[in-house]
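Listed in order, the protein sequences are those of chains A and B.
Sequence positions in the first sequence follow this note's numbering and run 1 to 242.
Sequence positions in the second sequence follow this note's numbering and run 1001 to 1298.
Report on one structure; see the data block that follows.
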Amino acid sequence: MSLLSVENLVVRHGLLQAVRGVSFTIERGETLALVGANGAGKTTLLRAIAGAHHPAAGRVLLSGADLSNVPSHRRVGMGIALVPEGRKLFVQMTVEENLLLGKTAGRPGDWSVDKVLEMFPNLKPRRHAKTGHLSGGEQQATAIGRALMSNPDVLLLDEVSLGLSPLIVDRVYAALQGLIASGTTIILVEQDLNRALAVSDRVICMLEGRVALEGPSKAVSREDVTKAYFGLHRKSPGSVPA
Amino acid sequence: MSNQIIQGILLGGYYALIACGLSFMFSVMRIINLAHGSLAVFAAFALWWLAARFHISPFVGLLIVLPLMAAIGWVLQRFLLERSARGGALLPILTTFGLAIVIDNLLFEQFGADTRSLAPYIGSLSYDSWEWPGSIYVGKLAVIMFASAVILLGGLQLFLTHTRLGRSIRATSEDPDTAGLVGVDARRANAIAASIAMVTVGLAGAFLGMRSTFDPYAGAPQLLFAFEAAVIGGAGSLWGTLIGGIVLALAQTLGAQVHPQGFLIGGHVAFLIVLFIRLSTSGLGLRGLQRLPTRKPT
């Protein structure tokens, strides 16, 4: 059985249909990269999996269990953790307090504040600093650490490299490689296509709320993804944008 | 003069006690609870009823009334405030305003217009005093109230910073959506916060009844003092609330020194001065008030 499956998921923001019938599955230990232009529905998809948006149709299954009526805080207890876009830290609270909040759901596992600080050594001296005063890289490390503290089965990473300098992005991805190697299941949204293809086993390219391309990261070429990204694979006449 | 200052500081403890719940609810749930004073008077009536009817000392009665207040807080949050908060920032204020009217009139219908007090049920405590060096006499009840305020505010501060539940409540107040994504049940955190706020309101009601008299419509003046103390101290800061209570009480005591009727005016003047200073230093000015950012309903 797949660890996580999404079936015909439709999510609306008012009148806007952000996700239009998306289906995919992910196996335990797999790393899935979601790529697509701004507004393609990647963030909405991740937030719907985490329970922050209620789908208008379709469902999300975790190890075969339907999550439709499970609120976000209970999904964390079931093993889904999201690192939200823009980090969304509690800026009035310290790094340690933010990390400890990740433990609220009480899932057993071996992540602890000390282990997160070991993984992100740059956080060590900032342990008792308010997260509002941290640099972007430190904030991102705290956000990832906070999600890890819930000992998730599935980690959802939404644009973890956004707004970070290339050097810091390398550091964040080095830490992610460790997680991937340890067998954590990861779905990540990444704008940098080369990076997305390099770390993932499989890639899904979204376009206007739909899956435009899905395939193993080793097998798909940059050109295929680029075409799907811009919708160039659709050869129907009359759909040429002005 | 030192006598007035000491009495003023002790009275400030009482104001901090009644402001504590108001400030806590505002900082954690972003709700200005206009039923605050009425709920305190309700708790006082409950204690009075237990004492008059069943001869239960108000201190023992607290063991019954405080859990009752906690339950009321939970129910209020789940069935009233949570729903009205979905309608925007203004609706909870109107809701609690209406709630205050309902509570006041229910109390009036039940207990009539008579003025009551818990003082007859606490023995000599209501008038006893200690003599401090410099032949300053301080009321035992006033000292107990001040100590209670310090313990309550300090305890709440420790609870918010050092316990898992406290962190959950703070996270929920900062960003309920993200709190849910890290595993915090935001609804539960808010309901618990409302319960805690109501327990402090129950305690405030007990001391209100012990130190003075109350009637069904006594809630509004209590709300006013609580509001002034909370604003002077900086709404949302627990230790600030204690400072705010003390500043308010000192201003009242000094006002009474200047003129026999200056007690209330002194307090109001201090409140207004602090309010104007806050507005001008925050760069908002009076006009800025109209442009205050409103929180998005969640």
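Where is the CB? At the ideal position from N, CA and C, for every residue including glycine.
List, in chain order, every chain A residue whose beta-carbon is nearer than 8 Å to that of residue i.
| i | result |
| --- | --- |
| Gly1021/B | The premise fails here: Gly1021/B is roughly 21 Å from chain A at the closest Cβ pair, so nothing lies under 8 Å. |
| Ala1191/B | Within 8 Å Cβ-Cβ: nothing; Ala1191/B doesn't reach chain A, min ~14 Å. |
| Asp1175/B | Lys88, Phe90 |
| Ala979/B | This structure gives no information on residue 979/B, because the portion of chain B shown stretches from 1001 to 1298. |
Suppose you measure from the CA of residue i to the CA of residue j; what does that come to, to the nearest Å?
| i | j | result |
| --- | --- | --- |
| Gly1021/B | Ile1196/B | 8 Å |
| Met1/A | Ser1237/B | 51 Å |
| Asp250/A | Leu16/A | The question about residue 250/A has no answer, for chain A in this structure spans 1 to 242. |
| Gly77/A | Ala1230/B | 38 Å |
| Val240/A | Leu82/A | Low confidence applies here, because Val240/A scores a pLDDT of 49, under 50, leaving its location unreliable; read the following figure in that light. Spanning the two alpha carbons is a distance of roughly 37 Å. |
| Ala57/A | Gly209/A | 14 Å |
| Ser23/A | Gly137/A | 33 Å |
| His53/A | Val1041/B | 42 Å |
| Gly1262/B | Val1143/B | 24 Å |
| Thr1324/B | Thr1241/B | Because chain B here runs from 1001 to 1298, residue 1324/B falls outside it and cannot be looked at. |
| Gly39/A | Gly1245/B | 51 Å |
| Leu207/A | Ala18/A | 10 Å |
| Thr43/A | Met1069/B | 42 Å |
| Gly21/A | Leu9/A | 5 Å |
| Gly1098/B | Leu123/A | 49 Å |
| Phe90/A | Thr104/A | 14 Å |
| Pro1209/B | Trp1049/B | Checking the sequence shown, residue 1209/B turns out to be Gly, not Pro. Rounded to the nearest angstrom, the two C-alpha atoms are 12 Å apart. |
| Arg202/A | Leu99/A | 30 Å |
| Thr1081/B | Lys227/A | A small fix is needed here, since residue 1081/B is Leu in this sequence, not Thr. Distance between the alpha carbons of Leu1081/B and Lys227/A is about 51 Å. |
Note the first and the last residue of the continuous beta strand (DSSP E) segment covering residue i.
| i | result |
| --- | --- |
| Ile26/A | 16-26 |
| Met206/A | 202-207 |
| Asn8/A | 4-13 |
| Leu1264/B | Not the beta strand (DSSP E): Leu1264/B falls in the alpha helix (DSSP H), residues 1262-1281. |
| Leu123/A | First-last for Leu123/A: undefined, no H or E at that position. |
| Ala212/A | 210-216 |
| Leu61/A | 57-62 |
With a threshold of 7 Å, establish whether the CB of residue i neighbours any heavy atom of the ligand NAD.
| i | result |
| --- | --- |
| Val1138/B | Of ligands this structure carries none, so the ligand NAD is not represented either. |
Hey, could you find the ends of the alpha helix (DSSP H) residue i is sitting in?
| i | result |
| --- | --- |
| Val1258/B | 1238-1258 |
| Ile1006/B | 1002-1029 |
| Leu1090/B | 1090-1111 |
| Arg195/A | 193-199 |
| Val169/A | 166-181 |
| Leu162/A | Run containing Leu162/A: none; DSSP gives neither H nor E here. |
| Tyr1210/B | For the record, residue 1210/B in the displayed sequence is Met; it is not Tyr. Element bounds for Met1210/B: 1186-1211. |
| Glu1082/B | 1082-1085 |
| Ser221/A | Careful: Ser221/A lies outside any alpha helix (DSSP H) and carries neither H nor E. |
| Gly1061/B | 1058-1076 |
| Pro1221/B | 1219-1233 |
Which residues in chain B have a C-beta closer than 9 Å to the C-beta of residue i? List them in chain order.
| i | result |
| --- | --- |
| Val76/A | Gly1180, Leu1181, Val1182, Gly1183, Val1184 |
| Thr104/A | Arg1164, Arg1167, Ser1168, Ala1171, Ala1179, Val1182, Gly1183, Val1184, Asp1185 |
| Ser150/A | Val1182, Gly1183 |
| Glu97/A | Thr1161, Arg1167, Arg1170, Ala1171 |
Identify the residues that DSSP records as bridge partners of residue i: which are they?
| i | result |
| --- | --- |
| Ile1136/B | Trp1132/B |
| Ile80/A | Val154/A |
| Leu188/A | Ala33/A, Leu157/A |
| Lys244/A | Lying outside 1 to 242, the shown extent of chain A, residue 244/A is not represented and no answer is given. |
| Ser1173/B | Looking at the DSSP assignment, Ser1173/B forms no beta bridge with any residue, so it has no partner. |
| Phe1214/B | Arg1116/B |
| Ala65/A | Leu62/A |
Does residue i pass the burial test, meaning 16 or more other C-beta atoms within 10 Å, or should it be called exposed?
| i | result |
| --- | --- |
| Met1025/B | buried |
| Gln177/A | exposed |
| Met1001/B | exposed |
| Gly1073/B | buried |
| Trp1130/B | exposed |
| Tyr1014/B | buried |
| His1055/B | exposed |
| Ala198/A | exposed |
| Leu1289/B | Note that Leu1289/B scores a pLDDT of 47, beneath 50, so its modelled location is shaky and nothing firm can be said. |
| Arg1083/B | exposed |
| Arg1295/B | Its pLDDT being 46, under 50, Arg1295/B is placed unreliably in this model, and the value from its coordinates should be taken loosely. So Arg1295/B counts as exposed. |
| Ser1282/B | exposed |
| His1036/B | buried |
| Thr1115/B | exposed |
| Phe1079/B | exposed |
Starting from the beta carbon of residue i, find every residue of chain B whose beta carbon is closer than 7 Å, and list them in chain order.
| i | result |
| --- | --- |
| Ser112/A | Chain B residues near Ser112/A: none, gap ~14 Å exceeds 7 Å. |
| Arg146/A | Val1182 |
| Ser182/A | Residues of chain B passing the Cβ test: none, with the nearest at roughly 21 Å. |
Since residue i meets chain A, which of its residues come closer than 9 Å, beta carbon to beta carbon?
| i | result |
| --- | --- |
| Ser1237/B | Under the 9 Å cutoff, chain A gives no residues; its nearest Cβ is about 12 Å from Ser1237/B. |
In chain B, what lies closer than 8 Å to residue i by C-beta?
| i | result |
| --- | --- |
| Leu82/A | Leu1181 |
Residues of the stretch 43-76 of chain A whose Cβ lies closer than 9 Å to any Cβ of chain E, in chain order: Annotation note: the requested chain E is absent from the structure, which comprises protein chains A and B.
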